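These notes are about the structure you will find just below.
In my numbering, the protein residues as written are 17 to 456.
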């Protein structure tokens, strides 16, 4: 794709990156076939190729985007399926992230939209505040019937009331579990120590499902790995990063780079493990996010190199299973952030299969479930259509349980099915001597 940035514009490192990405695009259109919003809506501007044109124009002209441009960029899930499909290696993730920052800085959203995004950006990364919000939402859930149930997927953005209903629909129906262990806790290896890792504590997952990290701790310590929850660790920044709230995301990235680097220097770390793949994708990108920062560029790159999805690390340990579970059929949902963002596709399925489970692929596994961070709140109608499509595809393999590697996907899918949804590591914990997850 031909670009027309001036030399002055190209002096901006972000514009230089955008120029390189844009020039890699050859207009082939392969991305349209695997883009969830284009598959649903059939609008060229709701495809990666269409959005690339909109972003190019916005960046080149240095103009505030129109409401129509914002609508189509907002509809992007950042599922990154287009990056898996693209034969030219267009790094769409860095381009759309830059577009979101530009929109946040130059576009005046309606007041209620701004307030909602500010609340989400404040509450979601903070486990205590998020926990309180979820508790309040549980009691408010019965009132969701008073709010609008749907809106057009082809017209303007959903109303604030429609988005509030979406939040209430995602609220838990039962009391939240007790919080997990706090930062600074160390879990010693059982037997001879073979390694030492830091485990990301997470934010939403810490409140909604602390059992996931506990399962990871169980498996790791059982196989000789010491696990530390690093003190003063923050949210990874993924949620605000994908809403274009760049200052918040960058500050969190710097804080985490600082505490993880100090922990690695103090006690050696083999890896920084992540059980939420959406977080892992962003942490692995810290090196790019902080590349222009003289103080943080080098340690951020080192942190990104140390970051691993829990399945990546477990695949190196030769897990010792206690009994086969070949009566349990597992439908494996490959989270977009894992398969497209981190290019991890076969490892989780191989781990489950080697542990004795019957693992089945889901039709259209490349399509997003509609969770995508805050997407199922900000774009609830598209998200619901994607969820229903995903659930229908899962039903065709007749599973006893659904496994996924991302808490957002787990919540989204669970809201549309009665089949139990668990994290992959929970099944691996069970197979290696841990408790049985909540299966039917």
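Glycine included, every Cβ here is placed at the ideal spot set by N, Cα and C.
Please read all numbers here as calculations on a predicted model, not as lab measurements.
Cβ of residue i within 7 angstroms of Cβ of residue j?
| i | j | result |
| --- | --- | --- |
| residue 268 | residue 253 | yes |
| residue 402 | residue 384 | yes |
| residue 297 | residue 353 | yes |
| residue 356 | residue 97 | yes |
| residue 72 | residue 38 | yes |
| residue 347 | residue 398 | no |
| residue 214 | residue 244 | yes |
| residue 386 | residue 342 | no |
| residue 331 | residue 363 | yes |
| residue 139 | residue 216 | no |
| residue 421 | residue 351 | yes |
| residue 375 | residue 365 | yes |
| residue 123 | residue 81 | yes |
| residue 426 | residue 435 | no |
| residue 221 | residue 151 | no |
| residue 208 | residue 240 | yes |
| residue 424 | residue 294 | yes |
| residue 305 | residue 137 | no |
What does the Cβ neighbour count give for residue i, buried or exposed, with the cut at 16 atoms within 10 Å?
| i | result |
| --- | --- |
| residue 257 | buried |
| residue 8 | Because the chain is modelled from 17 through 456, residue 8 falls outside the range shown and cannot be assessed. |
| residue 43 | exposed |
| residue 419 | buried |
| residue 102 | buried |
| residue 303 | buried |
| residue 312 | buried |
| residue 86 | buried |
| residue 417 | buried |
| residue 456 | For residue 456, the pLDDT reaches just 45, beneath the cut-off of 50, and the residue's location in the model is therefore unreliable, leaving the point undetermined. |
| residue 179 | buried |
| residue 166 | exposed |
| residue 324 | buried |
| residue 454 | exposed |
| residue 135 | exposed |
| residue 83 | exposed |
| residue 128 | exposed |
| residue 177 | exposed |
| residue 308 | exposed |
| residue 149 | buried |
| residue 156 | exposed |
| residue 106 | buried |
| residue 226 | buried |
| residue 11 | Lying before the first or after the last residue shown, residue 11 is absent from the chain, which here runs from 17 to 456. |
| residue 300 | buried |
| residue 451 | exposed |
| residue 270 | buried |
| residue 189 | exposed |
| residue 248 | exposed |
| residue 358 | buried |
| residue 224 | buried |
| residue 191 | exposed |
Which partner residues of residue i appear in the DSSP bridge assignment?
| i | result |
| --- | --- |
| residue 178 | Partner(s): none; residue 178 has no beta bridge. |
| residue 70 | Bridge partners of residue 70: none, in fact. |
| residue 212 | 242 |
| residue 288 | 214, 323 |
| residue 417 | 346 |
| residue 202 | 244 |
| residue 439 | 420 |
With 7 angstroms as the threshold, decide whether the Cβ of residue i is near any Cβ in chain D.
| i | result |
| --- | --- |
| residue 351 | No chain D appears in the structure shown, which is made up of a single protein chain. |
Cβ pair count under 8 angstroms reaching 3, the region 438-446 against the region 225-238
Yes, the region 438-446 is in contact with the region 225-238.
Counting Cβ pairs closer than 8 angstroms, one from the region 110-118 and one from the region 27-47, do we hit at least three?
Result yes; three or more Cβ-Cβ pairs closer than 8 angstroms.
What alpha helix (DSSP H) runs, 4 residues minimum, are completely inside the region 141-165?
The alpha helix (DSSP H) runs of length 4 or more contained entirely in the region 141-165 are, from start to end of the chain, 143-156.
Pair every Cβ in the region 196-214 with every Cβ in the region 412-419, then say whether three or more of these pairs are closer than 8 angstroms.
Between the region 196-214 and the region 412-419 there are fewer than three C-beta pairs closer than 8 angstroms, too few to call the two in contact.
Within 8 angstroms, do at least three Cβ pairs link the region 379-394 to the region 314-322?
As far as the Cβ criterion goes, the region 314-322 does not touch the region 379-394, which means the pair count is below three.
Inspect the CB distances between the region 139-148 and the region 284-298 and report whether three or more fall short of 8 angstroms.
In this structure the region 139-148 does not lie against the region 284-298, because fewer than three pairs of beta carbons, one per stretch, are closer than 8 angstroms.
For the region 40-57 against the region 374-384, do three or more pairs of beta-carbon atoms, one drawn from each stretch, fall closer than 8 angstroms, so that the two count as touching?
Pairwise C-beta distances place the region 40-57 in contact with the region 374-384, as three or more of them are shorter than 8 angstroms.
Residue ranges of each beta strand (DSSP E) run of no fewer than 3 residues wholly in the region 314-358, ordered along the chain?
323-325, 345-348, all fully within the region 314-358.
Pair every Cβ in the region 269-282 with every Cβ in the region 234-241, then say whether three or more of these pairs are closer than 8 angstroms.
No, the region 269-282 is not in contact with the region 234-241.
Could you name each continuous alpha helix (DSSP H) segment of 4 residues or more that falls completely within the region 352-402, going from the start of the chain to the end?
Fully enclosed alpha helix (DSSP H) runs of 4 or longer: 363-370, 391-394.
Complete beta strand (DSSP E) runs within the region 31-64 (minimum length 3 residues, chain order):
List check, beta strand (DSSP E) in window: nothing returned.
Determine, using beta-carbon pairs with one atom in the region 154-161 and one in the region 174-190, whether at least three such pairs fall under 8 angstroms.
The answer is yes - the region 174-190 touches the region 154-161, with three or more Cβ pairs under 8 angstroms.
Ignoring anything shorter than 4 residues, give me the alpha helix (DSSP H) runs that lie fully in the region 85-147, in order along the chain.
If we require 4 residues or more, the alpha helix (DSSP H) runs fully inside the region 85-147 come out as 97-101, 108-122, 127-139.
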